[in-house]
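Numbering (the working numbering), first residue to last: 77 to 704. Here a beta-carbon is modelled for each residue, glycine too, at the ideal position from N, C-alpha and C. These numbers come from a predicted model, not from an experiment. Worksheet: the structure to be examined is printed underneath.
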């Protein structure tokens, strides 16, 4: 009898919730009743009806009913609204008693339409379960696939989701943009590969539901799917973690989620903005961390002639100049599954962390979120990551000068830029600067962009690109260094070189090379950190953008160009003049008008491209022939 009384009381409480929700909805001009899927089906039509495997689904994503006759019994939140003396109430109370005694066991049947569920059988079961705040329940699922509509972004995203669902592990995850599904797939496959093969694979959909339950208590505004994607990126699968700890992690991640929802434009900090100087009165008023421990994180061997070697030489030079004022240390995180743990142990008490490759972004972002007292700078172009500042070089300035040299050297009126991959987010400004440099001295020269038969994972295949360029008439090429590239005068440690080649693609002469020099950058940044200037700089305009992107070039000595002996006389004088002009901000290679390959004016006449526009450049300038 007491169980029955309790069930009656629960119905009265549930009905009060329902009537309140109904009234609120009606006040907003809505029906207030449970949504019916038929209305949505009529809007877009249904292309196919597909049965799905039975599995638990999130009750939060059950938003309506399939049958209009059932809608009048529930408010929009699935709570009952009929009086307690109705047959409906009697059946609801009986279900409530069953739930309190032994639990509801019979699965429900639902229609899935655009990531949401509508109940075909089991409306009252869903109502009782939602009232008791159950997270998921077993369901038979019928998927309704809408007609394709190129003008409907939601349907376009849904079709991308359907393609993902054939290979991905999360059955009903909704992301805000189609392109994010490929990122989700890459992340989940990486995480699956890291799982212990001796253990059974987890129930991935249950992990998503577990995350959803914790996420609902955080008041985050970014969509659930996007938040889960970012969580996977930073923390991995939410396995073997208590609900309170999971909620705490999401709250730690919350500032990052807010940045992703409304990405700010990072503040581009150039040499003149960040010169090491004595602290002003203003900087002395700021809380400043002057921890002498400086950590450099690498992802591989630090041989002198390697990319990481150039950073290591910069660190050693900085340490030598500052002496006992700093204690710089090195972490090699290559292929370390415990990269985050190692960072926390070795850099958690550091004042400044330099991460020399963006490949370490995953563990570094988590580290930065959980260690706010350590200033973290990552070698990368612009990123939208909370507490992660970036640094990069205006490499395109040196490449532009190599383009000028190529235009001066060519006898066949054909030059080439060899790249392992045409990536419109990484190399575009360099490619364009090279072409602009060539045409600044020889407008009639043919510029080839060669990616054919060049494997981004095998740098020696750049030789293939050089041979292809030569077969098309090029006698001057800018190419990444490859194993067989041995020339007199070729500087030690060069990563990219401008060379003369014969008709067979064999290198004949070293001409020039863009070069990195991290000594001045690391020394200046560490000095600024020690005297408080860096903290002041990062605090300025923080409300406008919490992210700073250090972007130094010829003026800061971070990039340079090494010329071969061929450039004596007039060629050498011209290049030196242009180099000096760019170092003093008197000349910008991206001075308009600049037109892209489609004939669109990207940079108007008499204007310079803004730093952010150069960093994010996603077009190829006119006059470049792509060979792919």
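- Within the same chain, and ignoring the five residues on either side of residue 633 in sequence, the residues whose Cβ sits closer than 7 Å to its Cβ are 593, 596.
- Measuring C-alpha to C-alpha distances from residue 393 to each of 98, 601, 193 identifies 601 as the nearest.
- DSSP places residue 169 inside the alpha helix (DSSP H), whose first and last residues are 163-177.
- Linking residue 136 to residue 205 through their CA atoms gives a straight-line distance of about 11 Å.
- For residue 254, no alpha helix (DSSP H) encloses it, and the DSSP letter there is neither H nor E.
- For residue 666, the CB contacts under 7 Å within the same chain, skipping 5 residues up- and downstream, are 679, 684, 685, 690 in chain order.
- By the 16-neighbour rule on beta-carbons within 10 angstroms, residue 291 is buried.
- Inter-residue distance for residue 515 and residue 661 is about 21 Å (C-alpha atoms, whole angstroms).
- Rounded to whole angstroms, the Cβ separation of residue 83 and residue 173 is 5 Å, and the two are in contact under 8 Å.
- Taking the Cβ atoms as the reference, residue 369 lies roughly 7 Å from residue 425, within the contact range of under 8 Å.
- With fewer than 16 other Cβ atoms from the protein chains shown falling within 10 Å of its own Cβ, residue 130 counts as exposed.
- Here the alpha carbons of residue 265 and residue 372 stand approximately 29 Å from one another.
- The C-alpha of residue 413 is placed about 13 Å away from the C-alpha of residue 420.
- Within the segment 403-467, the complete alpha helix (DSSP H) runs of at least 4 residues fall at 415-423, 437-446.
- Taking 8 Å as the cut-off, the beta carbon of residue 700 is found no closer than this to the beta carbon of residue 528.
- CA-to-CA, the gap between residue 406 and residue 460 works out to about 26 Å.
- Taking a cut-off of 8 Å on C-beta distances, the segment 640-650 does not touch the segment 604-615, as fewer than three cross pairs fall below it.
- Within the same chain, 697 come within 6 Å of residue 508 by CB-CB distance, once the 5 residues on both sides are set aside.
- For residue 391, the enclosing alpha helix (DSSP H) has its first and last residue at 383-398.
- Taking C-beta separations shorter than 8 Å and ignoring five residues to either side along the sequence, the partners of residue 530 in its chain run 494, 495, 496, 497, 537, 538, 540, 541, following chain order.
- The straight-line gap separating the alpha-carbon atoms of residue 475 and residue 335 is approximately 33 Å.
- In the DSSP assignment, residue 332 falls within the unbroken alpha helix (DSSP H) covering 319-337.
- The C-beta separation of residue 658 from residue 473 comes to about 5 Å, placing the pair in contact by the 8 Å criterion.
- With contacts defined by Cβ atoms closer than 8 Å, residue 526 and residue 486 do not form a contacting pair.
- Between residue 445 and residue 305 a beta carbon distance of about 16 Å is seen, past the 8 Å cut, so the two are scored as non-contacting.
- One Cα belongs to residue 376, the other to residue 310, and the distance between them is close to 21 Å.
- With fewer than 16 other Cβ atoms from the protein chains shown falling within 10 Å of its own Cβ, residue 229 counts as exposed.
- About 14 Å separates the beta carbons of residue 284 and residue 237, which is beyond the 8 Å limit, so they are not a contact pair.
- In the three-state reduction of the DSSP assignment, residue 642 falls in the helix class.
- The segment 194-203 and the segment 140-150 touch, with three or more beta-carbon pairs separated by less than 8 Å.
- Residues 522, 549, 550 of the same chain have their beta carbon placed closer than 6 Å to that of residue 490, with the five preceding and five following residues left out of the count.
- In the structure shown, residue 524 adopts extended strand secondary structure according to DSSP, grouped into three states.
- Membership of residue 625 in the beta strand (DSSP E) is indicated by the continuous run 624-628.
- A distance below 8 Å separates the beta carbons of residue 215 and residue 185.
- The C-beta of residue 270 has fewer than 16 other C-beta atoms within 10 Å across all chains shown, which makes the residue exposed.
- Beyond the five residues adjoining it in sequence on each side, residue 488 comes within less than 6 Å, by CB distance, of 549, 551 in the same chain, given in chain order.
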